[in-house]
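K.L.:
I am attaching a structure below and will ask some questions about it afterwards.
In the numbering used here, the protein residues as written are 12 to 103.
Here it is, written out as structure tokens:
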């Protein structure tokens, strides 16, 4: 539920950026969001998607649309699922 709310807020922010650009001819919020999500994609989004087995196209689409609200929960899930020998107790 929390992730759905985050997605809705992100879509609302994109919509506001587009409306502000269309009405007041102020594209800077839209361009800022676009640049921010592109940097996120290059630094962490694409890598996280690949680690979780998501296709390249879907990783690009989801990171450019939702940014950290997409890759951060996935990254937390990856860390929660990563087990090493230190995670298991051995009986002597």
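Beta carbons: idealized from backbone N, C-alpha and C, even for Gly.
Would residue 77 and residue 18 qualify as a contact pair, given that the criterion is a beta-carbon distance under 7 Å?
P.N.:
The count along the chain shown starts at 1 and reaches residue 77 at position 66. The count along the chain shown starts at 1 and reaches residue 18 at position 7. Going by C-beta atoms, residue 77 is nearer than 7 Å to residue 18.
K.L.:
From the DSSP output, in three-state form, read off residue 63 for me.
P.N.:
On the chain shown, residue 63 is found 52 positions in, with the first residue counted as 1. Coil, per DSSP.
K.L.:
What did DSSP end up calling residue 117 once you bin it into helix, strand or coil?
P.N.:
With the chain running from 12 to 103 in the structure shown, residue 117 is simply not present.
K.L.:
Do you know whose CA, among 68, 87, 75, 88, lies nearest residue 22's CA?
P.N.:
Position 11 of the chain shown, counted from the first residue, corresponds to residue 22. If we check each option's Cα against that of residue 22, 75 comes out closest.
K.L.:
According to DSSP, is residue 115 helix, strand or coil?
P.N.:
Lying outside 12 to 103, the shown extent of the chain, residue 115 is not represented and no answer is given.
K.L.:
I believe residue 51 touches residue 72 by the beta-carbon criterion, under 8 Å. Please report the beta-carbon distance rounded to the nearest angstrom.
P.N.:
Numbered from its first residue, the chain shown carries residue 51 at position 40. Numbered from its first residue, the chain shown carries residue 72 at position 61. Not confirmed; about 13 Å, so no contact.
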